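The sequence shown runs 1 to 173 under the UniProt record's numbering.
Step one of this worksheet: look at the structure below.
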Amino acid sequence: MEERALWYVAHTYSGYENTVAASIEKAVENRNMRDLIHEVNIPMETVTEITDNGPKTVERKVFPGYVLVKMIMTDETWHLVRNVRGVTGFVGDGNKPIPLTEEEVASMGVEKKEVVVGYQVGDSVKITEGALESFLGIVEEIDLERSKVRVTVEMFGRETPVELELDQVEPAE
1 MEERALWYVA
11 HTYSGYENTV
21 AASIEKAVEN
31 RNMRDLIHEV
41 NIPMETVTEI
51 TDNGPKTVER
61 KVFPGYVLVK
71 MIMTDETWHL
81 VRNVRGVTGF
91 VGDGNKPIPL
101 TEEEVASMGV
111 EKKEVVVGYQ
121 VGDSVKITEG
131 ALESFLGIVE
141 EIDLERSKVR
151 VTVEMFGRET
161 PVELELDQVE
171 PAE
C-alpha cells in the first residue's frame, strides 16, 4: 500500500459536497484516523457576479460534485470515504482510485506551498534554470499568489522583462 498521503477525488451527488466533506471529517475524528486521512478539501473560487443591485462577490465550487481527500489509501480509508452518504465513488479505474499528480494539485491551488524568497523588488538576482540560466537581472515584481517573479534581464543591449517561477532565481552574490 501507498505510504505517503496523496490527493484522491471522491465523486458526490451535486450539492452534497459540503455534507460529504463534513461527514468524512467527523468519521475521521470518531475513528481516530487523522494519521491516515489528513485533509478534506472542496476547491472554491471567488467570483464577482454582476446583478441588478450591482456587483456581488460570491464563493463558488470549482468542481461541483467532487470532494478532494488527502489520504493514505488503505482498505480502511477506502471504505470510510466510499461509505459516506452522498459519495458515489472515487475518480479512477473501476474500484481503483487514481491519485492526482503533483501538477494537477498545484494547478488547482489545493495545497498552498509557502515559498520564502531571499530577494525583494529591486534586488539583483541570478537565474538558476531555464533558457536564461546564469543570466543576471533585477527583480521588478514578485507575485506570491501565482508563484512568479518578473525579472528585467539585459539581452542584446536592451532590457527585457522575463517572468519566471520563484525558485528559478536566487540572490546574486
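Note that the Cβ used here is the ideal one computed from N, Cα and C, for glycine as well.
Values in this document were obtained by computation on a predicted structure and should not be read as measured data.
Going by the beta-carbon positions, is the gap between ARG85 and THR19 smaller than 9 Å?
-> The answer is yes: Cβ separation under 9 Å.
Along the alpha helix (DSSP H) that carries LEU80, what are the first and last residues, could you check?
-> LEU80: member of the alpha helix (DSSP H) spanning 75-82, first to last residue.
For ILE50, count neighbouring C-beta atoms within 10 Å of its own C-beta (all shown protein chains included) and say buried if the count is 16 or more, exposed if not.
-> Within 10 angstroms of the beta-carbon of ILE50 lie fewer than 16 other beta-carbons, which makes it exposed.
Under 6 Å Cβ to Cβ from ARG158, same chain only, skipping five residues before and after it: list those, please.
-> Excluding sequence neighbours, ARG158 sits near nothing in its chain.
Cβ contact check for the region 95-103 and the region 122-142: 3 or more pairs under 8 Å | Not touching, per the Cβ criterion.
Where ASN41 and ALA21 are concerned, what is the direct C-alpha to C-alpha distance, given to the nearest angstrom?
-> A straight-line Cα-Cα distance of about 7 Å links ASN41 and ALA21.
Among GLU29, GLU141, ALA5, ALA10, which has the Cα closest to the Cα of residue 198?
-> Only positions 1 to 173 of the chain appear in this structure, which leaves residue 198 out of reach.
Examine the Cβ distances between the region 120-127 and the region 20-38 and report whether three or more of them are shorter than 8 Å.
-> No, the region 120-127 does not touch the region 20-38.
Alpha carbon to alpha carbon, how far is PRO97 from MET1? Give it in angstroms, no decimals.
-> Because the pLDDT at MET1 is just 47, under 50, the model does not fix this residue reliably, and the value given afterwards should be weighed accordingly. Rounded to the nearest whole angstrom, the CA to CA distance from MET1 to PRO97 is 13 Å.
Would you give the residue range spanned by the alpha helix (DSSP H) that GLU25 belongs to?
-> Unbroken alpha helix (DSSP H) run through GLU25: 17-30.
Between THR48 and LYS56, what straight-line distance do the alpha-carbon atoms span, to the nearest angstrom?
-> Looking at the two C-alpha atoms, the distance is approximately 5 Å.
Using the DSSP secondary-structure output, state which residues sit across from ILE127 in a beta bridge.
-> BP columns for ILE127 point to VAL169.
Tell me where the beta strand (DSSP E) around VAL58 begins and ends.
-> In this chain, the beta strand (DSSP E) harbouring VAL58 covers 54-61.
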